[in-house]
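Peer 1: The sequence shown begins at 35 in my numbering and counts up one residue at a time. Got a structure for you, questions after.
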Amino acid sequence: MRLFNILFEEHSVHNTNLDTLYNKFNRKYFDNELPKVPISWNNNKRSGGMVKAKYNRSTGEINIISFQLSKQFKMSEEHLHGIMMHEMIHVYLFHVGIPYTTGKDKMHGIEFMAKLRELRKKVPFDIPVTEEVSEMEVSDHIKMKPVVVIEIGPNSIIPVSTKGFDSSDKEKFIQMLSRRIKNIEIYVSNSNVLSKFPVKRKLETVKGSYKISDDDIKKIRDKKITHIYSMIDTEVKFDLL
Ligand SMILES: [Zn+2]
Numbered sequence: 035m036r037l038f039n040i041l042f043e044e045h046s047v048h049n050t051n052l053d054t055l056y057n058k059f060n061r062k063y064f065d066n067e068l069p070k071v072p073i074s075w076n077n078n079k080r081s082g083g084m085v086k087a088k089y090n091r092s093t094g095e096i097n098i099i100s101f102q103l104s105k106q107f108k109m110s111e112e113h114l115h116g117i118m119m120h121e122m123i124h125v126y127l128f129h130v131g132i133p134y135t136t137g138k139d140k141m142h143g144i145e146f147m148a149k150l151r152e153l154r155k156k157v158p159f160d161i162p163v164t165e166e167v168s169e170m171e172v173s174d175h176i177k178m179k180p181v182v183v184i185e186i187g188p189n190s191i192i193p194v195s196t197k198g199f200d201s202s203d204k205e206k207f208i209q210m211l212s213r214r215i216k217n218i219e220i221y222v223s224n225s226n227v228l229s230k231f232p233v234k235r236k237l238e239t240v241k242g243s244y245k246i247s248d249d250d251i252k253k254i255r256d257k258k259i260t261h262i263y264s265m266i267d268t269e270v271k272f273d274l275l
């Protein structure tokens, strides 16, 4: 088992040497024109990758501070290569002196899309248009603390920390919810899918809920630890912690 884990770890895309990959793509697709940049992995939950740069408006100088890809999500090698190229287009634009692209999207506007289309013809994998991660699956190595999941309706959740849930006025909150919502489920889960969502510290700070896919809600329910409360239409079960 241990050996298996080690072998598996060694072949995970998250162990890819990003500097080597950057240099390879720089040679292959950018005529080695791109500058050396500080590259690293991070655990960003909102974005698959990001390039940070400092732009000096008076001199027009653009300095790239960091180039990071997220380990938070499961990735195929193709996907990793796609995100890498996407971020390298940002580096390219900064390098040729374009801090912001033209159009509504200041980062992925006309100049970005032109370079993306040009490169898509040259590479054997897809280059994503955005760093969007909401559809991506969270990596297995991400460990999640138990969280209270308040499910309202079929595809909306409110994650609240167990501490915050315990110290809040639960009955008042549930009464307030049940006046407006017919189906409410409350339980504790430690699914790593929950790491995609901000966790509220108290019921008092809850404003609105997060939309969630059928797949993700299934994963969260599969990792259910304790059931706290459920109200399905008029049938009410009460079992507060
Ligand atoms: Zn981007």
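By construction, the Cβ of each residue, glycine as well, lies at the ideal position given by its N, Cα and C atoms. As the structure is a prediction and not an experimental result, all values here were calculated from the model.
(1) To the nearest angstrom, report how far apart Met-265 and Glu-219 are at their CA atoms.
(2) Just grab the DSSP bridge partners of Pro-193 for me.
(3) Give the DSSP bridge partners of Asn-97, in chain order.
(4) In or out: Phe-38 buried (at least 16 other Cβ within 10 Å) or exposed?
(5) On the three-state DSSP scale, how would you describe Gly-116?
(6) Tell me which residues share the same chain as Asp-53 and place their Cβ nearer than 7 Å to its Cβ, disregarding the 5 neighbours each side in the sequence.
(7) In chain order, what are the residue ranges of uninterrupted alpha helix (DSSP H) at least 4 long that sit wholly in the region 110-172?
(8) According to DSSP, simplified to helix, strand and coil, what is Asn-76?
(9) Indicate, with yes or no, if ligand 1 has a heavy atom lying under 7 Å from the CB of His-120.
(10) Identify whether Ser-201 lies in helix, strand or coil by the three-state DSSP scheme.
(11) May I ask you to report which of helix, strand or coil DSSP gives Ser-247?
(12) Quick test of your reading: Tyr-189 and Ile-144, contact by CB under 8 Å. State the CB separation rounded to the nearest angstrom.
(13) Between the region 232-247 and the region 179-194, are three or more C-beta pairs nearer than 8 Å?
(14) Do you know offhand how far Phe-59's Cα is from Met-119's?
(15) Per DSSP, which one or two residues make a beta bridge with Lys-234?
(16) For Ser-212, name the three-state secondary structure that DSSP assigns.
(17) With respect to the alpha helix (DSSP H) encompassing Phe-59, which residues constitute its N-terminal and C-terminal limits?
(18) Do you know whose CA, among Val-157, Thr-136, Glu-67, Ile-192, lies nearest Val-130's CA?
(19) So, with DSSP's three-state summary, where would you put Met-35?
(20) At a threshold of 7 Å, does Met-141 count as lining ligand 1 (C-beta to nearest heavy atom)?
(21) Go through its chain and collect everything with a Cβ distance to Ile-251's Cβ below 8 Å, but skip five positions before and after it.
(22) Is there contact here, the region 152-172 with the region 199-214, by at least three beta-carbon pairs under 8 Å?
(23) Pair every Cβ in the region 162-174 with every Cβ in the region 211-218, then say whether three or more of these pairs are closer than 8 Å.
(24) Can you round the beta-carbon distance between Val-222 and Ile-262 to whole angstroms, since I take them to be within the 8 Å contact cut?
Peer 2: Per the coordinate set shown:
(1) By 1-based counting over the sequence shown, the position of residue 265 is 231. By 1-based counting over the sequence shown, the position of residue 219 is 185. The alpha-carbon atoms of Met-265 and Glu-219 are separated by roughly 6 Å.
(2) Numbered from 1 along the sequence shown, position 159 holds the residue referred to as residue 193. Pro-193 is bridged to Val-183.
(3) What you label residue 97 is simply residue 63 of the sequence shown in a count that begins at 1. According to DSSP, which records beta bridges pairwise, Asn-97 is partnered with Lys-88.
(4) On the sequence shown, position 4 is the one that residue 38 refers to. Because Phe-38 carries a pLDDT of 48, less than 50, the predicted location of this residue cannot be relied on, and the following value inherits that uncertainty. The residue is exposed, with fewer than 16 neighbouring Cβ atoms inside 10 Å.
(5) By one-based count along the sequence shown, residue 116 stands at place 82. Secondary structure of Gly-116 (DSSP, three-state): helix.
(6) The residue you call residue 53 lines up with position 19 of the sequence shown. Counting only Cβ-Cβ distances below 7 Å, and skipping sequence neighbours, we find Ile-73.
(7) 111-129, 144-154
(8) Here residue 76 is taken as the residue at index 42 of the sequence shown, counted from 1. The answer is strand: DSSP assigns Asn-76 an E or B state.
(9) Counting from one through the sequence shown, the residue named residue 120 turns up at place 86. Yes - ligand 1 has a heavy atom lying nearer than 7 Å to the Cβ of His-120.
(10) Within the sequence shown, the letter at position 167 stands for residue 201. Ser-201 falls in the helix class under three-state DSSP.
(11) The residue you call residue 247 lines up with position 213 of the sequence shown. The answer is coil: DSSP assigns Ser-247 none of H, G, I, E or B.
(12) Residue mapping note: residue 189 aligns to position 155 of the sequence shown, counting from 1. Residue mapping note: residue 144 aligns to position 110 of the sequence shown, counting from 1. Note that residue 189 is Asn in the sequence shown here, rather than Tyr. So it is not a contact: roughly 35 Å between Cβ atoms.
(13) A contact exists between the region 232-247 and the region 179-194.
(14) On the sequence shown, residue 59 is found 25 positions in, with the first residue counted as 1. On the sequence shown, residue 119 is found 85 positions in, with the first residue counted as 1. Between Phe-59 and Met-119, the C-alpha separation is close to 8 Å.
(15) Within the sequence shown, numbered from 1, the residue matching residue 234 stands at position 200. Beta-bridge pairing links Lys-234 to Val-194.
(16) Taking the first residue of the sequence shown as position 1, residue 212 is located at position 178. Three-state DSSP puts Ser-212 in a helix.
(17) Counted from its first residue, the sequence shown places residue 59 at position 25. Start and end: 52-63.
(18) For the purposes of this step, residue 130 is taken as the residue at position 96 of the sequence shown. Checked all of Val-157, Thr-136, Glu-67, Ile-192; the closest Cα to Val-130 is Glu-67.
(19) Within the sequence shown, residue 35 is the residue found at index 1, counting from 1. Summary for Met-35: the model assigns pLDDT 43, below 50, so the residue's position carries little reliability, and this model does not support an answer.
(20) For this step, residue 141 is matched to residue 107 along the sequence shown. Yes, ligand 1 has a heavy atom inside 7 Å of this Cβ.
(21) Position 217 of the sequence shown holds residue 251. Excluding residues within five positions, the ones whose Cβ falls inside 8 Å are Glu-185, Pro-188, Asn-189, Ile-191.
(22) No contact exists between the region 152-172 and the region 199-214.
(23) no
(24) For the purposes of this step, residue 222 is taken as residue 188 along the sequence shown, with counting starting at 1. For the purposes of this step, residue 262 is taken as residue 228 along the sequence shown, with counting starting at 1. That pair is a contact at about 7 Å.
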